[in-house]
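Residue numbers (the working numbering): 791 to 1161.
The beta carbon of each residue, even a glycine, is placed where N, CA and C say it ideally should be.
Right, one structure below, let's go through it.
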Amino acid sequence: MTDTARFSKAAGRRRRRAAGLPAAAALLVLGLAGGASAADDVFTVGNYPVEARADNAVAAKEKALSDGQQAALRSLLKRIVPVTAYARIRQLPVIKAGDIIEGYKVRSERNSATDYIANLDFAFQAKAVRDMLRREGIPFTDEQASAVTLIPLWRAGSAGPPQDDAAWSNVWKGLDLVHALTPVKLQVLKKEVRADTVNALASGDGAAIRGLVAAYGSELVLLAIAERDLATKRLNVTLTGRDAVGAFTLQRSYRIDAADPAYTSELAAVVSLGILEGRWKAIKARGGAAAAGETDLLIAVQFRGMSEWQDISRRLGATPGVEELEVAGLSARGARITLRYLEGAERLADALGRQGLSLRNVGGNWVLGLR
791 MTDTARFSKA
801 AGRRRRRAAG
811 LPAAAALLVL
821 GLAGGASAAD
831 DVFTVGNYPV
841 EARADNAVAA
851 KEKALSDGQQ
861 AALRSLLKRI
871 VPVTAYARIR
881 QLPVIKAGDI
891 IEGYKVRSER
901 NSATDYIANL
911 DFAFQAKAVR
921 DMLRREGIPF
931 TDEQASAVTL
941 IPLWRAGSAG
951 PPQDDAAWSN
961 VWKGLDLVHA
971 LTPVKLQVLK
981 KEVRADTVNA
991 LASGDGAAIR
1001 GLVAAYGSEL
1011 VLLAIAERDL
1021 ATKRLNVTLT
1031 GRDAVGAFTL
1041 QRSYRIDAAD
1051 PAYTSELAAV
1061 VSLGILEGRW
1071 KAIKARGGAA
1081 AAGETDLLIA
1091 VQFRGMSEWQ
1101 DISRRLGATP
1111 GVEELEVAGL
1121 SARGARITLR
1131 YLEGAERLAD
1141 ALGRQGLSLR
1151 NVGGNWVLGL
1161 R
């Protein structure tokens, strides 16, 4: 999310929405190719913000396009490469985006005598990107998941009813939802979806998904519930429902920037989309199981009820060294989780044992429960 070349905080926010890291590159001005395969959608980085300042308008546009396509390439690589291999992306030889770009399309642009600001769609050559990653031995996933219906909701307080909110929805509309590894279709909350259904899902009751499925006619439907906590100055966001991986409920908290509260919402939406993509990449890369000794693990959790699941979750969160814990699927009696533990599964089993949990290898799959 870093942005080393921003002219203002607003410009930095726009770049964060596109998850770009600006760098120099050669200029290539092309029309966006119209014959690209739908299977290659993930190789287009859409609605990408660019901005540059120079001595004159022509030079500013050239610099914005040059920097933008290089930054968009880095955003593309982070989209399709698992987070566990991000360090290997940074170790790649210098890649000139101009050598593998298919073209670009202007969505909007404005300029002055010295500045150029635009939102562009950058399309990259799918085969060239695949060949580069395979040559370097870097794993990647370029298969898009089935699209999920997502309903952004805003809640004024824990006791308030969830409702549509234009500002929260517009944040999501600003993301590249079509070309994401996990495509998203935004919808408003339908009248037939009751408040108790939303609250039940937000509290982790997976059975409540039936109400959403019936209302939207899709098995893949999610709520993205944002709630501002004025006492702690945090924005709490709950993702709950079912995506292409399975049912899950995940809560994240973000510090509100008092000088720019809109930025917090934008960051939360970017991270939320990244979570959906990360879940899909994890499942596709691991094929449903993690081998002993790996630092990134897929674990099946067994429990007898939601209170026991919450107990296990608290103990997991209190275990030193457990990182990037995410719920990949949740039902009334079990869950799938992904996490990272740098010392490997065997050492993790020892650490969890001290928390009153039992992690064991059953037929090549890791299974967790209370001792």
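Problem set entry | Pick from Arg-843, Ala-956, Val-873 that is closest to Ser-902, judged by C-alpha positions | Locating residue 902 in the sequence shown gives position 112, where the first residue counts as 1. With distances taken between Cα atoms, Ser-902 lies closest to Arg-843.
For this session: Answer with buried or exposed for Gly-836, where buried requires no fewer than 16 other C-beta atoms within 10 angstroms of its C-beta.
Result: Mapped onto the sequence shown, residue 836 falls at position 46. Looking at its Cβ environment, which holds 16 or more other Cβ atoms inside 10 Å, Gly-836 is buried.
Problem set entry | Every unbroken alpha helix (DSSP H) inside the segment 938-965 [4 residues or more] | 956-963
Exercise. So, Ala-849 versus Val-840, is the Cβ gap smaller than 8 Å?
Worked result: Sequence index remark: in the sequence shown, residue 849 carries index 59 (1-based). Sequence index remark: in the sequence shown, residue 840 carries index 50 (1-based). For Ala-849 and Val-840, no; Cβs fall outside 8 Å.
Exercise. Is the CB-CB distance between His-969 and Asp-1101 below 8 Å?
Worked result: Along the sequence shown, read from residue 1 onward, the residue named residue 969 stands at position 179. Along the sequence shown, read from residue 1 onward, the residue named residue 1101 stands at position 311. For His-969 and Asp-1101, no; Cβs fall outside 8 Å.
For this session: Name the one or two DSSP bridge partners that Ala-839 has.
Result: Position 49 of the sequence shown holds residue 839. The question names Ala, yet the displayed sequence has Pro at residue 839. Pro-839 pairs with Asn-909.
Problem set entry | Arg-1049 classed as buried or exposed, judged by whether at least 16 other C-beta atoms fall within 10 angstroms | Here residue 1049 corresponds to residue number 259 of the sequence shown, with the count starting at 1. Correcting the residue type first, residue 1049 is Ala in the shown sequence and not Arg. Counting Cβ neighbours within 10 Å, Ala-1049 comes out exposed, since fewer than 16 surround it.
Problem set entry | Chain-order list of residues whose beta-carbon lies under 8 Å from that of Leu-1040 (same chain, five-residue window excluded) | As a first step, residue 1040 is located in the sequence shown; it is residue number 250 there, counting from the start. Cβ neighbours of Leu-1040 beyond the five flanking positions: Thr-1028, Leu-1029, Thr-1030, Ile-1065, Glu-1116, Val-1117.
Problem set entry | When Arg-1032, Ala-946, Arg-1130, Gln-977 are compared against Val-1011, the one with the closest alpha-carbon | Here residue 1011 corresponds to residue number 221 of the sequence shown, with the count starting at 1. When each option's Cα is compared against that of Val-1011, the closest is Arg-1032.
Exercise. Is the segment 858-867 close to the segment 911-921, with three or more CB pairs under 8 Å?
Worked result: yes
Exercise. Looking only at C-alpha atoms, which of Arg-1042, Thr-834, Gly-927 sits nearest to Tyr-894?
Worked result: Counting from 1 along the sequence shown, the entry for residue 894 is found at position 104. Of the candidates Arg-1042, Thr-834, Gly-927, the one whose C-alpha sits nearest the C-alpha of Tyr-894 is Thr-834.
Exercise. Hey, is Leu-1138 close to the ligand GDP, as in C-beta under 7 Å from one of its heavy atoms?
Worked result: This structure lacks the ligand GDP; in fact it carries no ligand of any kind.
Exercise. Cα-Cα, which of Ala-990, Thr-1128, Ile-1127, Arg-1161 is closest to Asp-1140?
Worked result: Along the sequence shown, read from residue 1 onward, the residue named residue 1140 stands at position 350. Proximity to Asp-1140 across Ala-990, Thr-1128, Ile-1127, Arg-1161 peaks at Arg-1161, based on C-alpha coordinates.
For this session: Report the three-state DSSP secondary structure of Ser-865 (helix, strand or coil).
Result: Numbered from 1 along the sequence shown, position 75 holds the residue referred to as residue 865. Three-state result, Ser-865: helix.
Problem set entry | Runs of beta strand (DSSP E) wholly within the segment 1029-1113 (minimum 3 residues, chain order) | 1037-1045, 1086-1092
Problem set entry | Span separating the alpha-carbon of Thr-1022 from that of Ser-1043 | Within the sequence shown, numbered from 1, the residue matching residue 1022 stands at position 232. Within the sequence shown, numbered from 1, the residue matching residue 1043 stands at position 253. Taking the straight line joining both Cα atoms gives about 10 Å.
Exercise. To which residues of the same chain is Asp-1047 closer than 8 Å at the C-beta, ignoring the five residues directly before and after it?
Worked result: Stepping through the sequence shown from its first residue, residue 1047 is reached at position 257. So the qualifying residues of the chain are Tyr-1053, Thr-1054.
Problem set entry | Spatially closest choice to Ala-1034 from Arg-1069, Thr-874, Arg-1126, by CA coordinates | On the sequence shown, residue 1034 is found 244 positions in, with the first residue counted as 1. The candidate whose alpha carbon is nearest that of Ala-1034 is Arg-1069.
Exercise. From which residue to which residue does the alpha helix (DSSP H) around Asp-1140 run?
Worked result: Residue numbering aside, residue 1140 sits at position 350 when the sequence shown is read from its first letter. From DSSP, the alpha helix (DSSP H) with Asp-1140 extends over 1135-1143.
For this session: Note down, in chain order, each residue of its chain lying with its Cβ closer than 6 Å to the Cβ of Ser-1148, except the 5 sequence neighbours on either side.
Result: Here the question's residue 1148 lines up with position 358 in the sequence shown. These residues qualify, in order along the chain: Gly-1159, Arg-1161.
Exercise. Less than 8 Å separating the beta-carbons of Tyr-906 and Ala-862?
Worked result: Along the sequence shown, read from residue 1 onward, the residue named residue 906 stands at position 116. Along the sequence shown, read from residue 1 onward, the residue named residue 862 stands at position 72. No, Cβ-Cβ distance for Tyr-906 and Ala-862 is not below 8 Å.
For this session: Could you check if Gly-1007 is buried or exposed, using at least 16 other CB atoms within 10 Å of its CB as the buried criterion?
Result: Translated into the one-based positions of the sequence shown, residue 1007 becomes position 217. So Gly-1007 counts as exposed.
For this session: For Ala-814, count neighbouring C-beta atoms within 10 Å of its own C-beta (all shown protein chains included) and say buried if the count is 16 or more, exposed if not.
Result: To locate residue 814, count along the sequence shown from 1; it is residue 24. Confidence at Ala-814 is low in this model, with a pLDDT of 27, below 50, so its placement is unreliable and the value that follows should be read with caution. Looking at its Cβ environment, which holds fewer than 16 other Cβ atoms inside 10 Å, Ala-814 is exposed.
Exercise. What first and last residue would you give for the alpha helix (DSSP H) that runs through Ile-999?
Worked result: Taking the first residue of the sequence shown as 1, we reach residue 999 at position 209. From DSSP, the alpha helix (DSSP H) with Ile-999 extends over 999-1006.
Problem set entry | Close Cβ partners of Ala-1059 (< 7 Å) along its chain, the five nearest in sequence each way excluded | Residue numbering aside, residue 1059 sits at position 269 when the sequence shown is read from its first letter. When the five nearest sequence neighbours on each side are left out, the beta carbons in the same chain lying within less than 7 Å of the beta carbon of Ala-1059 are those of Val-961, Trp-962, Leu-965, in order along the chain.
Exercise. Under a Cβ-count criterion, where at least 16 other Cβ atoms within 10 Å of its own Cβ denotes burial, should Gly-1146 be classed as buried or exposed?
Worked result: In the sequence shown, the residue the question calls residue 1146 occupies position 356. Gly-1146 is exposed by the Cβ-count criterion.
Exercise. Would you call the segment 937-948 and the segment 880-889 touching, i.e. three or more CB-CB distances under 8 Å?
Worked result: no
Exercise. From Ala-875 to Leu-867, what distance separates their C-alpha atoms?
Worked result: Within the sequence shown, numbered from 1, the residue matching residue 875 stands at position 85. Within the sequence shown, numbered from 1, the residue matching residue 867 stands at position 77. Roughly 10 Å separates the two Cα atoms.
For this session: Look at the alpha carbon of Val-873 and the alpha carbon of Thr-1128, and state the distance between them as a whole number of angstroms.
Result: Translated into positions along the sequence shown, residue 873 becomes position 83. Translated into positions along the sequence shown, residue 1128 becomes position 338. Cα-Cα distance, rounded: 12 Å.
For this session: Taking all protein chains shown into account, decide if Ser-904 is buried (16 or more other Cβ within 10 angstroms of its Cβ) or exposed.
Result: Numbered from 1 along the sequence shown, position 114 holds the residue referred to as residue 904. Note on identity: in this sequence residue 904 is Thr, with Ser being the wrong assignment. Label assigned to Thr-904: exposed.
Exercise. Since Gly-1124 sits in a beta bridge, which residues does DSSP pair it with?
Worked result: For the purposes of this step, residue 1124 is identified with residue 334 of the sequence shown, where counting begins at 1. BP columns for Gly-1124 point to Gln-1092.
For this session: Have a look at Val-1152 and Ser-1121 and give me their C-alpha separation to the nearest angstrom.
Result: Residue mapping note: residue 1152 aligns to position 362 of the sequence shown, counting from 1. Residue mapping note: residue 1121 aligns to position 331 of the sequence shown, counting from 1. Those two C-alpha atoms are separated by around 20 Å.
Problem set entry | Alpha-carbon spacing of Ala-1135 relative to Glu-892, whole angstroms | Along the sequence shown, one-based indexing puts residue 1135 at 345. Along the sequence shown, one-based indexing puts residue 892 at 102. Whole-angstrom Cα-Cα distance: 43 Å.
Problem set entry | Ala-1125 at chain C interface by Cβ criterion, 8 Å | This model lacks chain C altogether; it includes just one protein chain.
For this session: Compute the Euclidean distance between the alpha carbons of Ile-1073 and Asp-845, then round it to the nearest angstrom.
Result: Here residue 1073 refers to the residue found at position 283 of the sequence shown. Here residue 845 refers to the residue found at position 55 of the sequence shown. Those two C-alpha atoms are separated by around 49 Å.
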